[in-house]
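Chains W and Y are the protein sequences, given in the same order.
Residue numbering for the first sequence follows the working numbering, starting at 3 and increasing by one per position.
Residue numbering for the second sequence follows the working numbering, starting at 7 and increasing by one per position.
By construction, the Cβ of each residue, glycine as well, lies at the ideal position given by its N, Cα and C atoms.
Since the structure comes first, as structure tokens, the remarks are kept for the end.
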Amino acid sequence: MSAIPHIGSIVAAYAVTAVVLGGTVAAVLLDRRSLRRTLERLEARAGRGRAGTPR
Amino acid sequence: MYALANPANFMRLSGRVLPWLAALSAATLAVGLYLGFASPADYQQGETAKIMFVHVPAAWIASLAYAAMAASALGTLVWRHPLAEAAQKAVVPLGAAFAFVCLVTGSLWGKPMWGTYWVWDARLTSMLVLFITYLGLLALWHTIEEPGRAARAASVLTLVGAINLPIVKFSVDWWNTLHQGSIFRMTGSTVDRSILVPLLVMAVGFTLLFATLHIASIRNEILRRRVRRLMLAAAADREPAARLAPSDGLATEAALS
Numbered sequence: 003m004s005a006i007p008h009i010g011s012i013v014a015a016y017a018v019t020a021v022v023l024g025g026t027v028a029a030v031l032l033d034r035r036s037l038r039r040t041l042e043r044l045e046a047r048a049g050r051g052r053a054g055t056p057r
Numbered sequence: 007m008y009a010l011a012n013p014a015n016f017m018r019l020s021g022r023v024l025p026w027l028a029a030l031s032a033a034t035l036a037v038g039l040y041l042g043f044a045s046p047a048d049y050q051q052g053e054t055a056k057i058m059f060v061h062v063p064a065a066w067i068a069s070l071a072y073a074a075m076a077a078s079a080l081g082t083l084v085w086r087h088p089l090a091e092a093a094q095k096a097v098v099p100l101g102a103a104f105a106f107v108c109l110v111t112g113s114l115w116g117k118p119m120w121g122t123y124w125v126w127d128a129r130l131t132s133m134l135v136l137f138i139t140y141l142g143l144l145a146l147w148h149t150i151e152e153p154g155r156a157a158r159a160a161s162v163l164t165l166v167g168a169i170n171l172p173i174v175k176f177s178v179d180w181w182n183t184l185h186q187g188s189i190f191r192m193t194g195s196t197v198d199r200s201i202l203v204p205l206l207v208m209a210v211g212f213t214l215l216f217a218t219l220h221i222a223s224i225r226n227e228i229l230r231r232r233v234r235r236l237m238l239a240a241a242a243d244r245e246p247a248a249r250l251a252p253s254d255g256l257a258t259e260a261a262l263s
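This is the structure we're talking about:
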């Protein structure tokens with residue numbers, strides 16, 4: 003028995019909003035971390051390649 | 007604007023602005039949520055009207071994101087600007103997320119108020135078409151590997167799909183719909199101040215959140231193109247005979263770095 007009518011709909015609406023928008027924020031942050039790591043690895047490899055190349 | 011349109015300048019300036027923008031978004035959303043939950047129940051809808059504090063801003067951002075994407079599509083097709091391509095691609099998943107929130111929260115409001123989760127009403131249907139357009143664009147960006155070609159194909163689809171924007175906005179005026187009309191009239195707002203103020207604060211909060219996520223996603227897109235360029239260079243070094251001829255896509259990536 004709930005004191006507020008349709009409380010389930012209200013809670014579900016806010017929960018969906020929090021999950022979707024929170025998930026979007028997390029996806030952007032995780033993507034950034036993954037790209038930075040890949041970029042650092044590639045730049046280090048490119049640097050080693052240049053250092054090892056006879057001039 | 008010209009200074010910002012350079013990807014290197016954009017990375018430097020956006021890196022400084024982003025933490026402040028994120029903090030401002032969080033603070034505005036916190037104030038909006040507090041005002042929303044402290045507001046009195048609507049005389050007809052009761053507490054269910056509180057769903058409007060997330061539904062209306064999500065609908066507003068879903069349309070705003072598409073307008074931003076259409077402007078970027080013009081920048082891609084007319085000026086072939088690499089930052090316009092990045093901005094265009096970055097907005098697609100964000101627009102899809104906000105359109106999804108709008109559709110689901112609208113359905114959750116519709117069940118207690120209209121007695122059904124869904125009706126094939128002009129406003130609801132045009133918003134569903136907007137969401138499907140976002141999904142189509144998301145698929146298109148991931149289907150074509152070369153970023154320059156993907157951007158041009160996505161730009162054409164974006165501009166064709168932009169015809170849906172005025173339909174979403176004016177559907178409640180053009181057709182006899184179940185969805186309520188605009189709350190803003192020439193004579194002022196039809197909503198009481200106790201509900202209007204939290205609604206406007208939440209709309210500002212959602213706009214700031216969208217701006218934060220869009221800038222962060224554009225930065226990611228610029229990094230992704232640097233990664234791709236380095237991978238192509240590494241592959242070309244391994245196989246000098248099979249060195250790739252420079253295409254406009256590669257030139258675009260070089261301009262981004």
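**Message:** By DSSP's criteria, residue 52 of chain Y is part of a beta bridge. Which residues make up the other side?
**Reply:** Y:48
**Asked** Hey, residue 12 of chain W and residue 196 of chain Y: beta-carbon distance below 8 angstroms or not?
**Response** no
**Asked** Per DSSP, what kind of secondary structure is residue 57 of chain Y in: helix, strand or coil?
**Response** helix
**Message:** Under 8 angstroms, Cβ to Cβ, is there at least one residue of chain W near residue 230 of chain Y?
**Reply:** yes
**Request:** Helix, strand or coil for residue 170 of chain Y, going by three-state DSSP, please let me know.
**Result:** helix
**Request:** State buried or exposed for residue 50 of chain Y, treating a residue as buried only when at least 16 other CB atoms are found within 10 Å of its CB.
**Result:** That one is exposed.
**Request:** Using only alpha-carbon positions, find the residue among Y:219, Y:133, Y:146 that is nearest to residue 32 of chain Y.
**Result:** Of Y:219, Y:133, Y:146, the smallest CA-CA separation from residue 32 of chain Y is found for Y:219.
**Prompt:** Under three-state DSSP, which class holds residue 201 of chain Y?
**Reply:** helix
**Asked** Could one say the Cβ of residue 50 of chain W lies closer than 8 angstroms to chain Y's Cβ atoms, at least one of them?
**Response** no
**Prompt:** By Cβ distance, which residues of its chain are closer than 7 angstroms to residue 57 of chain Y, with the 5 residues on each side in sequence left out?
**Reply:** 111, 114, 115
**Request:** Measuring only between beta-carbons, confirm whether residue 111 of chain Y sits less than 8 angstroms from chain W.
**Result:** Yes, because at least one Cβ of chain W sits closer than 8 angstroms to the Cβ of residue 111 of chain Y.
**Request:** Round the Cβ separation of residue 24 of chain Y and residue 222 of chain Y to the nearest angstrom and send it over; I've been treating them as touching at under 8 angstroms.
**Result:** 6 angstroms
**Message:** Can you tell me whether residue 226 of chain Y is helix, strand or coil according to DSSP?
**Reply:** Looking at residue 226 of chain Y - three-state DSSP - the assignment turns out to be helix.
**Request:** Could you tell me whether the region 26 to 42 of chain Y touches the region 202 to 217 of chain Y, where touching means 3 or more Cβ pairs closer than 8 angstroms?
**Result:** yes
**beta-carbon residue 40 of chain Y near the ligand HEM non-hydrogen atom, thresh 7 angstroms** = No copy of the ligand HEM appears in this structure; indeed no ligand is present at all.
**Prompt:** Can the beta-carbon of residue 122 of chain W be found closer than 8 angstroms to that of residue 203 of chain Y?
**Reply:** With chain W covering 3 to 57 only, the question about residue 122 of chain W has no answer from this structure.
**Asked** Using a Cβ-Cβ cut-off of 7 angstroms (strictly less than) and excluding sequence neighbours within five positions of residue 132 of chain Y, which residues of its own chain qualify?
**Response** 170, 173, 174, 177
**Message:** Is it the case that the region 227 to 240 of chain Y contacts the region 72 to 83 of chain Y, given that we only count it when at least three CB pairs across the two stretches are under 8 angstroms?
**Reply:** no
**Asked** Can you list, in chain order, the residues of its chain whose CB lies under 8 angstroms from that of residue 165 of chain Y, leaving out five sequence neighbours each side?
**Response** 76, 79, 80, 83
**Prompt:** residue 42 of chain W CB to nearest chain Y CB: under 8 angstroms?
**Reply:** no
**Request:** Please go through the same chain and pick out, in chain order, the residues whose beta-carbon is closer than 8 angstroms to the beta-carbon of residue 264 of chain Y, but skip the five residues on each side of it.
**Result:** Residue 264 of chain Y lies beyond the range of chain Y shown here (7 to 263); nothing can be said about it.
**Message:** Using the three-state DSSP reduction, which class does residue 5 of chain W fall into: helix, strand or coil?
**Reply:** coil
**Message:** Is the beta carbon of residue 95 of chain Y closer than 8 angstroms to that of residue 147 of chain Y?
**Reply:** At a Cβ-Cβ threshold of 8 angstroms, residue 147 of chain Y and residue 95 of chain Y count as neighbours.
**Request:** Indicate the three-state DSSP secondary structure (helix, strand or coil) for residue 150 of chain Y in the structure shown.
**Result:** In the structure shown, residue 150 of chain Y sits in coil (DSSP, three-state: anything other than H, G, I, E or B).
**Asked** Out of curiosity, what's the CA-to-CA distance linking residue 128 of chain Y and residue 67 of chain Y?
**Response** Each residue's Cα considered, the two are about 19 angstroms apart.
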